[in-house]
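Engineer: Dropping a structure here in structure tokens format, bear with me for questions.
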Amino acid sequence: MKNPLVERPWLLVVVGLAAFVLAWTVFLVIATTHPTESVPLVPSKAATK
Numbered sequence: 043m044k045n046p047l048v049e050r051p052w053l054l055v056v057v058g059l060a061a062f063v064l065a066w067t068v069f070l071v072i073a074t075t076h077p078t079e080s081v082p083l084v085p086s087k088a089a090t091k
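Residue numbers 43 to 91, in this note's numbering, belong to the letters of the sequence shown in order.
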């Protein structure tokens with residue numbers, strides 16, 4: 043039995059890309075449905091005055 047990834051290496055790229063898109067979609071859904079308090083990494087000038 044031959045390894046299908048050896049026969050078709052582009053299949054690995056397609057599977058990897060599909061996994062990335064799926065993970066990104068799940069991340070966006072979670073980020074939009076669970077609002078959190080926005081904490082800026084760089085404090086604004088208004089907050090430092």
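Just so you know, even glycine gets a beta-carbon here, dropped at the ideal spot from N, CA and C.
So what does DSSP say about P51, is it helix, strand or coil?
Structural biologist: For the purposes of this step, residue 51 is taken as residue 9 along the sequence shown, with counting starting at 1. Of the three classes helix, strand and coil, the one that applies to P51 here is helix, per DSSP.
Engineer: Roughly how many angstroms lie between the CA atoms of P51 and V84, to the nearest whole one?
Structural biologist: The residue labelled residue 51 in the question sits at position 9 within the sequence shown. The residue labelled residue 84 in the question sits at position 42 within the sequence shown. About 43 Å.
Engineer: Can you look up T74 in the DSSP assignment and give me helix, strand or coil?
Structural biologist: In the sequence shown, counting from the first residue as 1, residue 74 sits at position 32. DSSP places T74 in helix when its eight states are reduced to three.
Engineer: Looking at the structure shown, is V84 part of a helix, part of a strand, or coil, going by DSSP?
Structural biologist: To locate residue 84, count along the sequence shown from 1; it is residue 42. If DSSP states are grouped into helix, strand and coil, V84 belongs with coil.
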